[in-house]
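Sequence order for the protein chains is G and U.
Residue numbering for the first sequence follows this note's numbering, starting at 1 and increasing by one per position.
Residue numbering for the second sequence follows this note's numbering, starting at 1 and increasing by one per position.
Scroll down for the structure; my scribbles are underneath it.
There are 2 protein chains.
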Amino acid sequence: MSLIVQKYGGTSVGNPERIKNVARRIIATQEEGHRVVAVVSAMSGVTDSLIKLARECSPAPEEREMDVLLATGEQTTIALTAMAINAMGKKAVSLTGAQAGIVTDGVHTKAKIADLTPKQLKQYLDDGYICIVAGFQGQTKDHRITTLGRGGSDLTAIAIAAAVKADLCQIFTDVDGVYTCDPRVVPTAKKLDEISFDEMLEMASSGSKVMQSRSVEFAKKFGVVFEVRSSFNQNPGTIVKEETKSMEAVVVRGVSIEKNQAKVTVCRAPDRPGTAAQVFSAIAAAGISIDMIVQNVSHEGTTDISFTLSKDELAKVEAALAPVVKSVGAVGLESRSGIAKLSVIGVGMKSHSGVAAKMFEALSKAGINIQMISTSEIKTAVIVDEAKIAEGANVVHEAFGLGK
Amino acid sequence: MSLIVQKYGGTSVGNPERIKNVARRIIATQEEGHRVVAVVSAMSGVTDSLIKLARECSPAPEEREMDVLLATGEQTTIALTAMAINAMGKKAVSLTGAQAGIVTDGVHTKAKIADLTPKQLKQYLDDGYICIVAGFQGQTKDHRITTLGRGGSDLTAIAIAAAVKADLCQIFTDVDGVYTCDPRVVPTAKKLDEISFDEMLEMASSGSKVMQSRSVEFAKKFGVVFEVRSSFNQNPGTIVKEETKSMEAVVVRGVSIEKNQAKVTVCRAPDRPGTAAQVFSAIAAAGISIDMIVQNVSHEGTTDISFTLSKDELAKVEAALAPVVKSVGAVGLESRSGIAKLSVIGVGMKSHSGVAAKMFEALSKAGINIQMISTSEIKTAVIVDEAKIAEGANVVHEAFGLGK
Numbered sequence: 001m002s003l004i005v006q007k008y009g010g011t012s013v014g015n016p017e018r019i020k021n022v023a024r025r026i027i028a029t030q031e032e033g034h035r036v037v038a039v040v041s042a043m044s045g046v047t048d049s050l051i052k053l054a055r056e057c058s059p060a061p062e063e064r065e066m067d068v069l070l071a072t073g074e075q076t077t078i079a080l081t082a083m084a085i086n087a088m089g090k091k092a093v094s095l096t097g098a099q100a101g102i103v104t105d106g107v108h109t110k111a112k113i114a115d116l117t118p119k120q121l122k123q124y125l126d127d128g129y130i131c132i133v134a135g136f137q138g139q140t141k142d143h144r145i146t147t148l149g150r151g152g153s154d155l156t157a158i159a160i161a162a163a164v165k166a167d168l169c170q171i172f173t174d175v176d177g178v179y180t181c182d183p184r185v186v187p188t189a190k191k192l193d194e195i196s197f198d199e200m201l202e203m204a205s206s207g208s209k210v211m212q213s214r215s216v217e218f219a220k221k222f223g224v225v226f227e228v229r230s231s232f233n234q235n236p237g238t239i240v241k242e243e244t245k246s247m248e249a250v251v252v253r254g255v256s257i258e259k260n261q262a263k264v265t266v267c268r269a270p271d272r273p274g275t276a277a278q279v280f281s282a283i284a285a286a287g288i289s290i291d292m293i294v295q296n297v298s299h300e301g302t303t304d305i306s307f308t309l310s311k312d313e314l315a316k317v318e319a320a321l322a323p324v325v326k327s328v329g330a331v332g333l334e335s336r337s338g339i340a341k342l343s344v345i346g347v348g349m350k351s352h353s354g355v356a357a358k359m360f361e362a363l364s365k366a367g368i369n370i371q372m373i374s375t376s377e378i379k380t381a382v383i384v385d386e387a388k389i390a391e392g393a394n395v396v397h398e399a400f401g402l403g404k
Numbered sequence: 001m002s003l004i005v006q007k008y009g010g011t012s013v014g015n016p017e018r019i020k021n022v023a024r025r026i027i028a029t030q031e032e033g034h035r036v037v038a039v040v041s042a043m044s045g046v047t048d049s050l051i052k053l054a055r056e057c058s059p060a061p062e063e064r065e066m067d068v069l070l071a072t073g074e075q076t077t078i079a080l081t082a083m084a085i086n087a088m089g090k091k092a093v094s095l096t097g098a099q100a101g102i103v104t105d106g107v108h109t110k111a112k113i114a115d116l117t118p119k120q121l122k123q124y125l126d127d128g129y130i131c132i133v134a135g136f137q138g139q140t141k142d143h144r145i146t147t148l149g150r151g152g153s154d155l156t157a158i159a160i161a162a163a164v165k166a167d168l169c170q171i172f173t174d175v176d177g178v179y180t181c182d183p184r185v186v187p188t189a190k191k192l193d194e195i196s197f198d199e200m201l202e203m204a205s206s207g208s209k210v211m212q213s214r215s216v217e218f219a220k221k222f223g224v225v226f227e228v229r230s231s232f233n234q235n236p237g238t239i240v241k242e243e244t245k246s247m248e249a250v251v252v253r254g255v256s257i258e259k260n261q262a263k264v265t266v267c268r269a270p271d272r273p274g275t276a277a278q279v280f281s282a283i284a285a286a287g288i289s290i291d292m293i294v295q296n297v298s299h300e301g302t303t304d305i306s307f308t309l310s311k312d313e314l315a316k317v318e319a320a321l322a323p324v325v326k327s328v329g330a331v332g333l334e335s336r337s338g339i340a341k342l343s344v345i346g347v348g349m350k351s352h353s354g355v356a357a358k359m360f361e362a363l364s365k366a367g368i369n370i371q372m373i374s375t376s377e378i379k380t381a382v383i384v385d386e387a388k389i390a391e392g393a394n395v396v397h398e399a400f401g402l403g404k
């Protein structure tokens, strides 16, 4: 009998009716002959209400106590889901993160899973129970409650799938799977049947926010095959797994877009060792995440160092860099928002040339100017005007024959 | 430095403003030079909302899962209270029942405390923290979440006070303490400065619902002195402790009333061994709690067996007894609601005669008929018409000189 780990997000368990719906899906999976572990999130809206309550009690709630508070959200869902399944005549038990054996480090609100010993969980499975596990939470060795941060429930599901050696892990969400591009932008985009871990990682970091990168990284590390699919219909989703030979035949798997970007250039900085280090140390010290970094060859002993980041962080980065520009002896700082990132992704790219050329040609034909270029082994990304991103995505998607 | 355990009920922590108020009280206690453990309940209304959610997911929620669900109520409050204290510049940590070392038996929704090893709690106290503990909940040896049933948070506070050898346990509630009678019924009723465990037990079982009997019994068993007082003002409350010589000088401590009672009589049952046993076995089998039982001497080989109970249970008890009346050969079943119980309570009664006489005389003067009488070592209780209970309470209260 195979073992399936399923994960249902906050929207899927948003109210009692939806919880009963999830209960029926879980039972259907069991009736197909599988043993089932279901990881559930807090009901949508609950976490926000708890955060509001916390703010009313303290202007700066302690992270240790935030974790104690937020963990109640998933604890509520596991109990309700187990009840719903029991009411339908099947055996189910709920398990908190701690009870499921999820041991984390002590970094409250964004803990990392340090160990997973699902002793009780395995016992319940052996006794014929469906196990409903609280996502997003764990416990330190010395019994403090912790939470795993954004995307934590996906991580719980994948970690449990690894620990119990599940045959499949299904991530139920509010989209049908991973698409060749965002269907709201590119109407011809189609759902992918499969995608490699690396492609999924690039898609995630390039703006396709189906899942957080850390969950995909964890799955890749422990070889956990998972499927992303919708909890609102019966359509098969997208299988994410280690790349295969057949996958490499497809040069480009998908097109990813990321809006709300900004570009900053440290102009005509002296081209000597240590300049870039000073710039990016100052950014890191200010706690700002940046994305692409581009530096080209120098002219007359100076060079331009450019990078992109979320436009929300622009004011912060300008403040952080003002003194650095002076101290490194650069001429000035230029910044611009209103830009977007367009990436093509595919493991097949490694062994096929001409991807960049085809992408640039498609954009050029559409009269779209490329402002920056950055590449990795399986990705080619460009920065264009935000106003042109939809048109750009469509022509590139078309150029690689990704549409329906 | 003395150690105080405090308990705040659901009304006292009903919203963020009230939680901050509780935080200030806890800090004030610490600033008076005490170490503090505060046990808190779920915010008022939260438990009811959770029960409603459960009912929407299952017509008959499993008790194991109800406990997982309801335990989130107190877990929310401990986090918020600890945050509020931290925001006021003091060190506080929250502890769930399990973290506080409360080990219970496995009887879900009404578990009994089996063991209490507050290792972590003591460590935090030694490190200078105020400890905020979730009331009402515990954990079995094999790590299942349990709840303690009605009055569970009081029990948590008293059990912790016993385990950490606290100097005092304060039960904060929405009344000022224990009164000589319900002030809404007897306007001259006054707050008692002290009362013995046994008197408190009789008061509780006679309708003065300040606390559940089980918490008082636990306190008596482990010699935990506690104070019942209001969380909404600074007035001293009522100290509950082992009786002293001086307490015995007071013949009657208070008058307790209980409305909504009903009386049932099995009429002219054969006066032979086994009749009463059959009657009360049938009642017990139907899960009905009864209060007073009275059987007087027999006439012509038959006797009347009467008992009182909550009038809500009347229909149930009539159904349960119908076959029994036949099988024991009694003439019939008479029942009546619209009655109430009036009790006078005091440890001094043991060594003073004339209490019953004085009580009956006071009632007689007021023209109030006594329908049943029952006595214990420290209590004399009578059943009267419910319409007369307020008048009866006032004249008896007056007769024993209990008023202001």
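We put the CB at the ideal spot given by N, CA and C, even for glycine.
- In terms of beta-carbon proximity, Asn21/U stays away from the interface with chain G, with every pair separated by 8 Å or more.
- In this chain, Met211/G is not harboured by any alpha helix (DSSP H), its DSSP state being neither H nor E.
- By the Cβ-count criterion, Lys119/U is exposed, with fewer than 16 other Cβ atoms from all chains shown falling within 10 Å of its own Cβ.
- Ala330/U is the residue among Ala330/U, Val396/U, Leu314/U whose C-alpha sits nearest the C-alpha of Ala276/U.
- Straight across, the Cα-Cα distance linking Met1/U with Lys165/U is about 13 Å.
- The C-beta of His143/G comes closer than 8 Å to at least one C-beta of chain U.
- Fully contained in the region 17-76 of chain G are the following alpha helix (DSSP H) runs of length 4 or more, in chain order: 46-57.
- C-alpha of Met66/G to C-alpha of Leu3/G: approximately 34 Å in a straight line.
- Residue contact check for Pro118/U against chain G: no CB pair falls below 8 Å.
- With respect to chain G, the C-beta atom of Val68/U has a partner C-beta closer than 8 Å.
- Counting only the Cα atoms, Arg18/U lies some 11 Å from Thr77/U.
- Within chain U, the residues placing a beta-carbon under 7 Å from that of Ile78/G are Val68, ordered along the chain.
- No residue range can be given for Glu242/G, since it is assigned to no beta strand (DSSP E) and is classified by DSSP as neither H nor E.
- Contacts with chain U at 8 Å (Cβ-Cβ) do not include Ser298/G.
- Going by beta carbons, Val382/U and Ile370/U fall inside the 8 Å limit.
- 8 Å or more divides the Cβ of Leu201/G from the Cβ of Ser215/G.
- Sequence-distant partners of Lys316/U (beyond 5 residues in either direction) whose C-beta falls short of 7 Å from its own C-beta, in its chain, are Ala286, Ile288.
- Between Ala262/G and Arg144/G, the CB-CB gap reaches or exceeds 8 Å.
- Per DSSP, reduced to three states, the secondary structure at Gly254/U is strand.
- CA-to-CA, the gap between Thr308/U and Ile290/U works out to about 6 Å.
- Following the DSSP letters along the chain, one finds Ser281/U in no beta strand (DSSP E) but inside the alpha helix (DSSP H) bounded by residues 275-285.
- Secondary structure remark: continuous alpha helix (DSSP H) runs of at least 4 residues inside the region 96-160 of chain G, in chain order: 119-126.
- In the structure shown, Ala166/G adopts coil according to DSSP, grouped into three states.
- A Cβ of chain U is located within less than 8 Å of the beta carbon of Asn86/G.
- The continuous stretches of beta strand (DSSP E) do not include Leu201/U, which lies in the alpha helix (DSSP H) extending over residues 197-205.
- In the pairwise beta carbon analysis, the region 192-200 of chain U is classified as touching the region 246-259 of chain U: at least three pairs are separated by under 8 Å.
- Taking CB atoms only, Gln170/U has no neighbour in chain G less than 8 Å away.
- Between the alpha carbons of Lys358/G and Lys365/G lies a gap of roughly 11 Å.
- Contact annotation: in the region 143-164 of chain G, residues whose CB is within less than 9 Å of a CB in chain U are His143, Arg144, Ile145.
- Contact of Cys131/G with chain U by beta-carbon distance below 8 Å is absent, the smallest such distance being about 13 Å.
- Shown in chain order are the members of the region 10-36 of chain G whose Cβ falls below 7 Å from a Cβ of chain U: Pro16, Ile19, Lys20.
- Comparing alpha carbon positions, the residue from Gln6/U, Thr72/U, Gly301/U, Asp167/U closest to Ala54/U is Thr72/U.
- Taken in chain order, the whole alpha helix (DSSP H) runs of length 4 or more contained in the region 316-384 of chain G are 355-365.
- Boundaries of the alpha helix (DSSP H) around Val395/G: 389-399.
- Here the alpha carbons of Ser49/G and Val225/G stand approximately 34 Å from one another.
- Between the alpha carbons of Glu32/U and Arg25/U lies a gap of roughly 11 Å.
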